[in-house]
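The sequence shown: position 509 = 509 (my numbering), numbered continuously.
Read through the structure below, which is laid out as structure tokens, and then see the notes.
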Amino acid sequence: MDDKLFRKRHSLAHIMAQAIMQMFPDAKLGTGPAIDTGFYYDVELPRTLIPEDLKLLESTMREIIKAKQDFEYYEEPAAKAVEFLRAAKQPYKVEIVEDLMKNEGVETVSFYKNGEHFVDLCEGPHVENTGNIDPRTFCLDKIAGAYWRADESRPMLQRIYGLAFNSKEELNAFKAAREEAKKRDHRKLGKEMGLFAFSELVGSGLPLWTPRGTLIRELLNDYVWEMRKEYGFQKVTIPHITKKDLYETSGHWALYAEDLFKITTREEHLFAMKPMNCPHHTQIFDAEPHSYRDMPQRFCETTMVYRDEQSGELNGLSRVLCITQDDAHVFCRKNQVVEESLKIWDIIDRFYKTFGFELTVRFSRHDPDNFAKYKGSKEMWAMSEAMVKDIIVGKVGENYIDGPGESAFYGPKIDFMSKDALGREWQVATIQLDFSMPESFNLSCINEQGEKERVVMIHCAIMGSIERFASILIEHLAGAFPTWLAPVQVALLPVAGVHEEGAQKIAAELSMHGVRVEIMHSDSDTLGKRIRGSELRKIPYMLVIGDKELEGDALAVRSYRTKEQKNMPTKAWIAELLTEISERRL
1 MDDKLFRKRH SLAHIMAQAI MQMFPDAKLG TGPAIDTGFY YDVELPRTLI
51 PEDLKLLEST MREIIKAKQD FEYYEEPAAK AVEFLRAAKQ PYKVEIVEDL
101 MKNEGVETVS FYKNGEHFVD LCEGPHVENT GNIDPRTFCL DKIAGAYWRA
151 DESRPMLQRI YGLAFNSKEE LNAFKAAREE AKKRDHRKLG KEMGLFAFSE
201 LVGSGLPLWT PRGTLIRELL NDYVWEMRKE YGFQKVTIPH ITKKDLYETS
251 GHWALYAEDL FKITTREEHL FAMKPMNCPH HTQIFDAEPH SYRDMPQRFC
301 ETTMVYRDEQ SGELNGLSRV LCITQDDAHV FCRKNQVVEE SLKIWDIIDR
351 FYKTFGFELT VRFSRHDPDN FAKYKGSKEM WAMSEAMVKD IIVGKVGENY
401 IDGPGESAFY GPKIDFMSKD ALGREWQVAT IQLDFSMPES FNLSCINEQG
451 EKERVVMIHC AIMGSIERFA SILIEHLAGA FPTWLAPVQV ALLPVAGVHE
501 EGAQKIAAEL SMHGVRVEIM HSDSDTLGKR IRGSELRKIP YMLVIGDKEL
551 EGDALAVRSY RTKEQKNMPT KAWIAELLTE ISERRL
């Protein structure tokens with residue numbers, strides 16, 4: 001956000017804290033930052049807030065804005081600030097200042113005050129006075145719980161969120177987009193369409209895929225495999241657990257041990273559920289010697305990995321404990337890196353174009369100010385980042401996003417970003433260059449001179465997490481899958497019992513051509529409710545079968561996507577349908 005909007009949002013957080021203290025004089029304030037959609041403040045209150053409280057707080061905020069109170073900046077010695085905040089009975093603010101003194105050696109802290117009305121520990125910046133804020137451009141939004149400093153062992157505070165934008169029009173547009181997002185929520189649509197379920201007995205973050213949902217997963221994965229096969233990838237299979245030693249060698253244990261599901265055997269050996277596949281794949285490559293003539297070796301596998309996420313971070317399919325990755329690793333020589341990366345890039349382009357996603361590219365490199373957290377030498381990083389940048393520039397010129405600090409710990413990445421139908425940006429596919437892991441596992445091939453030559457590893461995922469990609473796709477398409485991907489492609493609705501046999505014959509002909517068809521039988525519900533049921537499940541084509549359809553050689557075909565109905569000869573429509581499916585039309 002720009003500086004003007006940041007100041008506005010930050011000031012509104014300050015104004016909200018002032019309103020809270022007026023409404024609850026014994027409130028204990030936490031922190032209140034500006035965020036991407038507005039602001040929030042964490043606060044300890046004598047009672048739980050209810051939605052009606054937001055209206056009262058918002059009204060008080062508008063009065064403060066109307067009063068045109070000046071924001072005045074001043075500084076205090078840190079020790080004196082602690083005394084002041086302790087006297088004001090603000091323990092969370094005391095903790096902040098004491099931590100600054102202890103951990104950062106801070107001697108002076110800053111405050112902002114609104115005359116004699118309110119004072120808050122804050123580094124700013126703010127608007128000049130409250131009257132600079134247009135009251136039509138903000139509103140209070142919701143209440144949530146938040147542990148102090150995101151620590152589950154600390155007190156649970158109440159977090160009050162507000163929305164704030166540059167104009168009333170932007171605020172209203174955001175609200176409208178959010179309402180549309182609720183309609184498209186993959187959790188809601190997934191349940192309505194019967195794609196997946198969750199069970200308290202199984203556990204949070206562990207989705208259960210129904211036959212319909214499983215079919216979608218398999219069709220997506222088959223499409224990726226179809227393209228990978230063109231470029232010489234081979235399928236491999238690995239176990240879902242491993243000894244600790246594998247991740248100690250790769251470097252993952254030192255960095256991510258707390259994120260692993262660990263298993264201790266009856267013989268007291270420590271194993272882990274795999275959180276990634278690359279170390280396993282190195283061992284397949286290393287299982288036999290390789291000549292330069294064998295290079296590159298391209299392995300791929302769609303398999304689950306497991307990460308011990310905090311329960312509060314789990315969210316539908318977007319954030320789960322078991323992640324299905326369409327993972328692949330290319331082991332190649334240094335002079336093959338560009339060609340292999342461009343092949344993967346081609347697969348990514350083709351896949352996302354199929355769904356109407358436009359891709360932008362991010363050059364995800366290391367953080368030069370925090371090199372200690374990365375594996376490998378500075379020389380290795382300079383070389384690998386130069387290679388990745390050359391690949392990107394050769395493909396898209398300077399039309400890419402620079403991402404310092406966004407790399408993996410072992411190497412730079414080409415991250416592909418895309419916006420969905422609601423304008424939300426997602427990171428989707430990735431290509432990662434890795435000189436570090438081949439070094440850790442001593443991976444090599446024999447070159448033309450008969451000498452061992454260190455290989456390079458390219459990590460790539462097209463969908464990344466199938467669960468996460470499915471959530472993005474469901475919301476992007478509002479659940480209206482293209483015909484080739486829809487679990488049921490055609491719904492047949494016989495008007496009455498006398499039309500059932502005719503519907504069966506049409507279904508048989510469609511099935512013979514591989515079309516996924518379902519008869520919604522006349523005795524199951526009224527025709528109107530069956531039509532509604534087909535629409536709720538967003539089945540691409542619906543055919544109502546009555547006397548007219550059975551007496552002639554034409555079908556009344558209703559398209560879910562266009563909402564139009566057209567009459568077509570049966571064979572002509574089937575031919576058109578099969579072409580649409582085979583071409584994977586959107």
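Ideal Cβ positions, reconstructed from N, Cα and C, are used throughout, including at glycine.
query	result
Of the residues E475, P487, H521, which one's Cα is nearest the Cα of V495?	H521
Checking the sheet assignment: what are the DSSP bridge partners for S110?	E75
Anyone know if the C-beta pair for F39 and M227 falls short of 9 Å?	no
By Cβ distance, which residues of its chain are closer than 7 Å to F18, with the 5 residues on each side in sequence left out?	First, the residue type needs correcting, since residue 18 is Gln and not Phe in the sequence shown. Contacts found: I64, N114, H117, F118.
To the nearest angstrom, how far is it from the Cα of E152 to the Cα of D42?	15 Å
Does the distance from the C-beta atom of W426 to that of S436 stay below 9 Å?	no
Would you check if the distance between the CB atom of R298 and the CB atom of Y374 is smaller than 9 Å?	no
Within the same chain, show all residues whose beta-carbon is closer than 8 Å to that of T210, passing over the 5 residues directly before and after it, in chain order.	G194, L195, F196, A197
Evaluate V603 with the Cβ neighbour count: other Cβ atoms within 10 Å of its Cβ, from every protein chain shown; 16 or more gives buried, anything less gives exposed.	Lying outside 1 to 586, the shown extent of the chain, residue 603 is not represented and no answer is given.
Please determine if the segment 450-465 and the segment 545-565 are in contact, where contact requires at least 3 C-beta pairs separated by less than 8 Å.	no
Threshold first: 4 residues or longer. Then list the alpha helix (DSSP H) segments lying entirely within the segment 187-259, N to C.	211-230, 244-250, 252-256
Please determine, among I20, E453, S11, D327, the residue with the shortest C-alpha to C-alpha distance to L163.	S11
Going by Cα to Cα distance, which pick from D420, D523, L29 is closest to V94?	L29
Take R136 as the anchor and find which of N172, F111, N103 has the nearest alpha-carbon.	N172
Based on Cα-Cα distance, which residue from F409, I35, M16 lies nearest to L255?	F409
How far does the beta strand (DSSP E) with C139 in it reach, from first residue to last?	138-147
Determine the direct distance from the alpha carbon of L140 to that of M530, and round the result to whole angstroms.	With the sequence shown as reference, residue 530 is identified as Arg, and Met is not the correct amino acid for it. So the two alpha carbons sit approximately 42 Å from each other.
Check this for me: beta carbons of I431 and S341, under 9 Å apart or not?	yes
Assuming Q276 and H240 make a contact with CB atoms under 8 Å, what is their CB distance in whole Å?	Reading off the sequence, residue 276 comes out as Met, not Gln. Not a contact, Cβ separation roughly 12 Å.
Suppose the cutoff is 6 Å on Cβ atoms and the five residues either side in sequence are ignored; what does the same chain contact list for T302 look like?	N221, D326
Please list, in chain order, all residues of the same chain as V224 whose beta carbon is under 6 Å from its beta carbon, the five residues on each side excluded.	D326, I462
Excluding the 5 residues preceding and the 5 following N567 in the sequence, name in chain order all residues of the same chain whose CB lies nearer than 8 Å to its CB.	A554, L555, A556, V557
Can you tell me the Cα-Cα spacing of I143 and D53, whole angstroms?	10 Å
What's the call for M156, buried or exposed, on a 16-neighbour Cβ count within 10 Å?	exposed
May I ask you to report which of helix, strand or coil DSSP gives T264?	strand
If I'm right that E453 touches C445 with Cβ under 8 Å, what's the distance once you round it to whole angstroms?	6 Å
If I'm right that N132 touches Q69 with Cβ under 8 Å, what's the distance once you round it to whole angstroms?	Incorrect: roughly 11 Å between the Cβ atoms, too far for contact.
Return the first residue and the last residue of the alpha helix (DSSP H) that C122 is part of.	Where C122 is concerned, there is no enclosing alpha helix (DSSP H), given that its DSSP letter is neither H nor E.
The beta strand (DSSP E) spanning Q90 covers which residue range?	Premise fails: Q90 is in no beta strand (DSSP E) and is neither H nor E.
Alpha carbons only, please: which of A429, E467, R424 is nearest the one belonging to M476?	Residue identity check: residue 476 is His in the sequence provided, not Met. Nearest option by C-alpha distance: R424.
To the nearest angstrom, report how far apart V320 and A470 are at their CA atoms.	12 Å
Quick one: measure Cβ to Cβ for Y560 and E535, integer angstroms, because I've assumed they're closer than 8 Å.	7 Å
Within the continuous alpha helix (DSSP H) that includes W573, where are the two ends?	570-582
Tell me whether the beta-carbon of F36 lies closer than 9 Å to the beta-carbon of M1.	Looking at the sequence provided, one finds Asp at residue 36 rather than Phe. In contact: D36 and M1 (Cβ atoms closer than 9 Å).
In three-state terms, what does DSSP make of S559?	strand
Got a sec? Which residues, its chain only, sit under 8 Å from Y292 by beta carbon, not counting five neighbours each side?	R333, C445, I446, N447, E448, E453
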